[in-house]
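First up is the structure itself, then whatever we jot down about it.
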Amino acid sequence: MTLMEKVLEEARPHMEGRGLKVADGVIGLNFVGVTLNNGRSHFIYLMRESLPSGDMIFGYGEKMIGMDAWEVAKWAQDGAEDLQRSLGVAALNAASPFYFDPRYRQNEDFYNHVNEETVMGVIGHMPPLVERFSHKVKHYYSFDRAIDLKGTVEGAEVYPMEREAELLPLCDTVTITGTSMINHTTEEILSMCRNARHVILSGFSVPFYPEAYRGSGLTALGTLYFTEDSTALMRPLSLAAGRLRVREYTQSVFCRLSD
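At position 3 of the sequence shown (counting the first as 1) the number is 40 in our numbering, and the numbers step up by one without a gap.
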């Protein structure tokens with residue numbers, strides 16, 4: 038069973054037959070998301086670099102309004118491409134009760150062990166980590182599929198994706214972007230982190246059903262949930278607002294996993 042299949046298995050009792058519907062949605066240039074009829078919203082960073090071309094192939098966007106949220110959530114596994122799968126994860130997270138469960142929330146800094154001897158691997162370019170650690174640790178290896186494919190205007194420096202298999206086994210600390218759950222590459226990445234003692238799945242796109250990750254090789258989840266007033270993001274996101282605007286409506290969540 039894949040990690041996403043395990044997530045859906047954990048989510049089913051909280052979604053199927055519960056009367057949850059998609060009340061609203063947004064498909065923006067940088068983020069997509071949904072609001073459910075429970076009043077909760079979640080937004081996901083859109084990996085647009087691999088989306089197919091054409092203007093008649095995303096019809097599910099309009100059709101999802103009013104749909105059963107569980108049916109949309111299943112897109113996280115069987116969606117046609119990254120956009121549809123992202124909407125599935127947004128529905129999963131807008132329904133997750135675990136953000137508010139004290140068993141899955143700890144006040145802890147995942148990186149408190151990092152020092153000048155640390156070899157750090159990061160899947161997905163993360164500017165805050167670059168700023169905080171790239172000049173502090175022994176080696177900092179960052180990989181990003183979008184930058185590999187399209188380049189960057191942010192001055193990001195990353196290693197070629199083809200070097201993951203060579204460099205990730207050298208790392209003792211690894212941060213994996215939650216978008217790997219959307220493109221279904223998390224397990225492949227984890228298989229290359231065989232010598233890492235600290236592995237966190239991080240970001241907007243982490244499907245937050247913590248029990249699904251037990252025994253996977255992950256040692257922590259670092260994510261966030263959206264506050265009740267986050268429906269105010271619908272229009273800004275439709276106009277290409279980015280992560281700094283989005284974070285105004287979030288609260289961080291850290292969950293330590295024990296295998």
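Heads up, the beta-carbon is just placed ideally off N, CA and C, and yes, glycines get one too.
Review point. From this set, S87, T264, E194 and D105, which residue's C-alpha is nearest V159's C-alpha?
Key: Per the Cα distances, E194.
Review point. Is the beta carbon of P247 less than 9 angstroms from the beta carbon of L294?
Key: Yes. Within cutoff.
Practice item. Look up K100 in the DSSP assignment and say whether it is helix, strand or coil. Key: DSSP places K100 in helix when its eight states are reduced to three.
Exercise for review: Helix, strand or coil for R293, going by three-state DSSP, please let me know.
Suggested key: Strand, per DSSP.
**Study point:** L45 and V59 closer than 9 angstroms at C-beta
**Key:** Going by C-beta atoms, L45 is not nearer than 9 angstroms to V59.
**Study point:** C-alpha distance - H235 paired with L255, whole-angstrom precision
**Key:** Roughly 8 angstroms separates the two Cα atoms.
Exercise for review: Determine, using beta-carbon pairs with one atom in the region 270 to 290 and one in the region 57 to 71, whether at least three such pairs fall under 8 angstroms.
Suggested key: Proximity of the region 270 to 290 to the region 57 to 71 meets the contact definition, three or more beta-carbon pairs being nearer than 8 angstroms.
Review point. Can you tell me the Cα-Cα spacing of R231 and P206, whole angstroms?
Key: Within the model, the alpha-carbon separation for R231 versus P206 is close to 6 angstroms.
Check your understanding: Nearest-angstrom Cα distance between V69 and D119?
Key -> One alpha carbon belongs to V69, the other to D119, and they sit about 11 angstroms apart.
Review point. Around the C-beta of I94, are 16 or more other C-beta atoms found within 10 angstroms, so that it is buried, or is it exposed?
Key: I94 should be labelled exposed.
Practice item. Would you mind reading off the limits of the alpha helix (DSSP H) that contains V195? Key: Careful: V195 lies outside any alpha helix (DSSP H) and carries neither H nor E.
Review point. What residues are listed by DSSP as bridge partners for H221?
Key: By DSSP's assignment, H221 forms no beta bridge with any residue.
Review point. Can you give, in chain order, each stretch of the alpha helix (DSSP H) that sits fully within the region 115 to 159 and has at least 4 residues?
Key: 119 to 132, all fully within the region 115 to 159.
Review point. Taking C-beta to C-beta, are M245 and S133 nearer than 9 angstroms?
Key: Here residue 245 is Phe; the residue named in the question, Met, does not match the sequence. In this structure, F245 lies near S133, with their beta-carbon atoms less than 9 angstroms apart.
Exercise for review: Spell out a yes or no on whether the region 165 to 179 and the region 198 to 218 are touching, meaning 3 or more CB-CB pairs, one atom from each, closer than 8 angstroms.
Suggested key: Judged by Cβ distances under 8 angstroms, the region 165 to 179 makes contact with the region 198 to 218, as three or more pairs qualify.
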